[in-house]
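Structure first, commentary second.
There are 2 protein chains.
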Amino acid sequence: MDSQTKPVLHGYFRSSCSWRVRIAFALKGIEYDQVPVNLIKDGGQQLTGQYKEINPMQQVPAVIIDGITLSQSLAIIQYIEETRPGRRLLPTDPKKRAQVRMISDVIASGIQPVQNLYVLQKIGAEKVPWAQHFIIRGFEALEPLLKQTAGKYCVGDEISMADICLVPQVYNAERFKVDVSQFPTIKRLNQTLMEIEAFKGSHPSCQPDTPFDLRS
Amino acid sequence: MDSQTKPVLHGYFRSSCSWRVRIAFALKGIEYDQVPVNLIKDGGQQLTGQYKEINPMQQVPAVIIDGITLSQSLAIIQYIEETRPGRRLLPTDPKKRAQVRMISDVIASGIQPVQNLYVLQKIGAEKVPWAQHFIIRGFEALEPLLKQTAGKYCVGDEISMADICLVPQVYNAERFKVDVSQFPTIKRLNQTLMEIEAFKGSHPSCQPDTPFDLRS
Numbered sequence: 001m002d003s004q005t006k007p008v009l010h011g012y013f014r015s016s017c018s019w020r021v022r023i024a025f026a027l028k029g030i031e032y033d034q035v036p037v038n039l040i041k042d043g044g045q046q047l048t049g050q051y052k053e054i055n056p057m058q059q060v061p062a063v064i065i066d067g068i069t070l071s072q073s074l075a076i077i078q079y080i081e082e083t084r085p086g087r088r089l090l091p092t093d094p095k096k097r098a099q100v101r102m103i104s105d106v107i108a109s110g111i112q113p114v115q116n117l118y119v120l121q122k123i124g125a126e127k128v129p130w131a132q133h134f135i136i137r138g139f140e141a142l143e144p145l146l147k148q149t150a151g152k153y154c155v156g157d158e159i160s161m162a163d164i165c166l167v168p169q170v171y172n173a174e175r176f177k178v179d180v181s182q183f184p185t186i187k188r189l190n191q192t193l194m195e196i197e198a199f200k201g202s203h204p205s206c207q208p209d210t211p212f213d214l215r216s
Numbered sequence: 001m002d003s004q005t006k007p008v009l010h011g012y013f014r015s016s017c018s019w020r021v022r023i024a025f026a027l028k029g030i031e032y033d034q035v036p037v038n039l040i041k042d043g044g045q046q047l048t049g050q051y052k053e054i055n056p057m058q059q060v061p062a063v064i065i066d067g068i069t070l071s072q073s074l075a076i077i078q079y080i081e082e083t084r085p086g087r088r089l090l091p092t093d094p095k096k097r098a099q100v101r102m103i104s105d106v107i108a109s110g111i112q113p114v115q116n117l118y119v120l121q122k123i124g125a126e127k128v129p130w131a132q133h134f135i136i137r138g139f140e141a142l143e144p145l146l147k148q149t150a151g152k153y154c155v156g157d158e159i160s161m162a163d164i165c166l167v168p169q170v171y172n173a174e175r176f177k178v179d180v181s182q183f184p185t186i187k188r189l190n191q192t193l194m195e196i197e198a199f200k201g202s203h204p205s206c207q208p209d210t211p212f213d214l215r216s
């Protein structure tokens, strides 16, 4: 049975989309192997012909699971959800499921892609103000949405895919020196979530490929 | 029952993400009302305080349905899928569902956001080569992925959310003068899909807010 083989995550410690998948695996209690793809070293290992075979978009993450190769973190997370037992990553109520997907996509389509490495490389010298602009613009929308949907977590009182997207995006915001305290709901949710082992243990500061000077 | 009220789509004739939702409604046979949000006129009607209440991201589409307001086209499409009968928009097989979501997200997170209006407005004079660069980069990845997954349509022989994303992205590519014939699988799928009434009738050239000189 191919489902008895451990999934293999091709990722990078600091990639927020890789971190999403690590959180999902941890919440579900799924063991997996990691293959680091260093996005900086050698001009970017995601650009090799070998990696392009795995993910033609030349991005991380990509997961080999059950005999197929999947890229795009939300597709991976929802595949895990639909094929693995354990803690639910999306609620059962259709309206709440839709809100989880909406918040996930505000981050995964509305914010992260515009401050992604390959976009910033194209922007060049102005990359920090560019990233700050789009993260702040996104958080200004996310804050009122989350005010409506949040309970203890992003949507109600159950951890979901929306939380899996939020925490790595806050990490990106902090990397780009965005003052997250302007967004009290986002800040509060992030703090609550960062107490949870699945979020802590999957953090960029403690992955197999985290450089020693960035470890904590 | 709020589900007996027609959904209301706030959209723009030429927005590829609005078109995705129009295709989904058409495939499901769902009647809906359209409220045009002109992204150009008056400096952009999506920027008004009134529209910001509907979608804080100040983007289209947003749909009012069953008493809730949803933005993000893939969240809307999957909500329709999970609450409405009729033609399936995602396959039942989990691996194929994952491939549909992967291809949808390559477009919805990997291509469209980077050539979105609000990004191009920030780019300024260089916007056409910028959009071409990221569309071509995305199609270079999409082509080999679709070669693996496609049958008659993007994933196998059933129309899915992946097709709903593909056709409007090809329309965007053509607007930016990208030569789609470089990508034979994409071109073939688009031609096949454009024969189908749900794709034709929802086309930007024939919406209530399409200007007369752009009608066909």
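Read top to bottom, the protein sequences are chains A and B. To convert, note that position 67 of the first sequence is 67 in the UniProt record's numbering; the numbers rise steadily by one, no gaps. To convert, note that position 213 of the second sequence is 213 in the UniProt record's numbering; the numbers rise steadily by one, no gaps. From the three backbone atoms N, C-alpha and C, an ideal C-beta is built for every residue, glycine too. Predicted model, so just to flag it, every value in this text is computed and none were measured.
Shown here, His203 of chain A sits in coil according to DSSP, grouped into three states, outside any helix or strand. For a Cβ distance threshold of 8 Å, residue set Lys95, Ala98 and Gln99 of chain B lies close to Ile68 of chain A, ordered along the chain. With its beta carbon at least 8 Å from every one in chain B, Glu126 of chain A lies outside the interface.
In terms of beta-carbon proximity, Val114 of chain A lines the interface with chain B, with at least one pair separated by less than 8 Å. Looking at the DSSP output, Ser71 of chain B shares a beta bridge with B:Ala62.
In the structure shown, the three-state DSSP call for Val35 of chain B is strand. Contact check for Gln34 of chain A and Gln46 of chain A: beta-carbon distance about 15 Å, past the 8 Å limit, so the pair fails to qualify. With respect to the C-alpha of Lys177 of chain A, the residue from A:Lys122, A:Ala131, A:Pro7 and A:Ile64 having the closest C-alpha is A:Ala131. Collapsing the DSSP output to three states places Val21 of chain A in a helix. Separation of Ser71 of chain B and Leu9 of chain B (C-alpha to C-alpha, rounded to the nearest whole angstrom) is 10 Å. Secondary structure note for Gly138 of chain A: its alpha helix (DSSP H) is the uninterrupted segment Lys127 to Thr149. Per the C-alpha coordinates, the member of A:Gly156, A:Leu89, A:Gly67 and A:Ser205 positioned closest to Leu189 of chain A is A:Gly156. Listed as beta-bridge partners of Leu9 of chain A by DSSP are A:Gln34 and A:Val63.
For Arg87 of chain B, same chain residues with a beta-carbon under 6 Å away, outside a window of 5 residues either side, are Leu27 in chain order. Thr210 of chain A is outside the set of residues whose beta carbon lies under 8 Å from a beta carbon in chain B.
In this structure, the straight-line span from the alpha carbon of Val167 of chain A to that of Phe212 of chain B is close to 46 Å.
For Gly29 of chain B, the three-state secondary structure derived from DSSP is coil. Beta-bridge analysis with DSSP links Gly156 of chain A to A:Ala150. Between Ile159 of chain B and the set B:Ala108, B:Pro113 and B:Gln99, the nearest pair of CA atoms involves B:Gln99.
Within the model, the alpha-carbon separation for Ser15 of chain B versus Asn116 of chain B is close to 9 Å. The C-alpha of Pro85 of chain B lies about 21 Å from the C-alpha of Met102 of chain A. Here DSSP, grouped into helix, strand and coil, assigns Lys95 of chain A to helix. Using a Cβ-Cβ distance cut-off of 8 Å, the segment 103-110 of chain B and the segment 105-113 of chain A are in contact, since at least three pairs of beta carbons, one from each stretch, lie closer than that value. Bounds of the alpha helix (DSSP H) holding Gly49 of chain B are Gly49 to Ile54. Just so you know, the alpha carbons of Asp209 of chain A and Gly44 of chain A end up roughly 14 Å apart. Contacts with chain A at 8 Å (Cβ-Cβ) include Asp105 of chain B. If the five residues before and after Phe183 of chain A are omitted, its C-beta is found closer than 6 Å to the C-beta atoms of Phe139 and Glu143, all from its own chain and listed in chain order.
The shortest CA-to-CA distance from Lys6 of chain B to any of B:Ser216, B:Gly67 and B:Gln50 is the one to B:Gly67. What Ala108 of chain B touches in chain A, judged by beta-carbon distance under 8 Å, is Asp105 and Ser109, going in chain order. Taking a Cβ-Cβ threshold of 8 Å, the residues of chain A close to Tyr79 of chain B are Pro94, Lys95, Arg97, Ala98 and Arg101, in chain order.
Close partners of Glu158 of chain B in chain A (Cβ separation under 7 Å) are lacking, with about 17 Å as the shortest Cβ gap. Nearest CB-CB separation between Leu117 of chain B and chain A: not below the 8 Å threshold. Sequence-distant Cβ neighbours of Val180 of chain B in its own chain, meaning closer than 8 Å and more than five residues away, are Phe139, Val170, Ala173, Glu174, Ile186, Lys187 and Asn190. Within chain A, no C-beta atom comes less than 7 Å from the C-beta of Thr5 of chain B; the nearest is roughly 15 Å away.
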